[in-house]
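Asker:
In the working numbering, the protein residues as written are 25 to 193.
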């Protein structure tokens, strides 16, 4: 699900803005399902074991017998800088699309994603579940790639009562 979300590129040019985009719907459903899966169960650190190749793994029986959410645990175990950068770039690309689609010279030429609220929730979950993610963003990534779209979304949502939860997130 995470790979489906972060590899989607909403930029399609003028012709793609008017075409039906099934990939965007799949991304929307994927981000919704992933948010639901990350919202249930306990977060925590079940016992880490090693497999035959000496890789650190989480034993499925250990993680499920104590009520741990395997999706949250797996998200917390992402430690590679390359993977963290890939996740950050994918999420910022989707959130940046909200800003770009609202500020084009020809209105409607850039198709905006409809699942940006869920992407924000996923970004928050990633920050909450993986302590290395925030450290990686602050030390190795361009922070303006996320600040600009978040400020734009906050500005657009400031007077809309139905988006007060989004503003709080």
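Here a beta-carbon is modelled for each residue, glycine too, at the ideal position from N, C-alpha and C. Because the structure is a prediction, the values reported are computed rather than measured.
With a threshold of 8 angstroms on Cβ separation, who are the neighbours of residue 105 within its own chain once the five nearest residues in sequence on each side are excluded?
Answerer: 160, 164
Asker: Would you report the Cα separation of residue 178 and residue 77, rounded to the nearest angstrom?
Answerer: 47 angstroms
Asker: Please specify which runs of the alpha helix (DSSP H), each continuous and at least 4 residues long, are wholly inside the region 93–176, giving them in chain order.
Answerer: 94–100, 105–126, 140–153, 155–164
Asker: Using the three-state DSSP reduction, which class does residue 207 fall into: helix, strand or coil?
Answerer: Nothing can be reported for residue 207: it is not among the residues displayed for the chain, which extend from 25 to 193.
Asker: Take the Cβ of residue 175 as the centre, count every other Cβ of all protein chains shown within 10 Å, and call the residue buried at 16 or more, exposed below.
Answerer: exposed
Asker: By the 10 Å Cβ neighbour count, where 16 or more other Cβ atoms means buried, how is residue 47 classified, buried or exposed?
Answerer: exposed
Asker: Following the continuous alpha helix (DSSP H) through residue 49, name the residue where it begins and the one where it ends.
Answerer: 46–63
Asker: Would you tell me roughly how many angstroms separate the C-alpha atoms of residue 129 and residue 57, rounded to the nearest one?
Answerer: 34 angstroms
Asker: Just tell me which of 35, 62, 55, 109 has its CA closest to the CA of residue 169.
Answerer: 109
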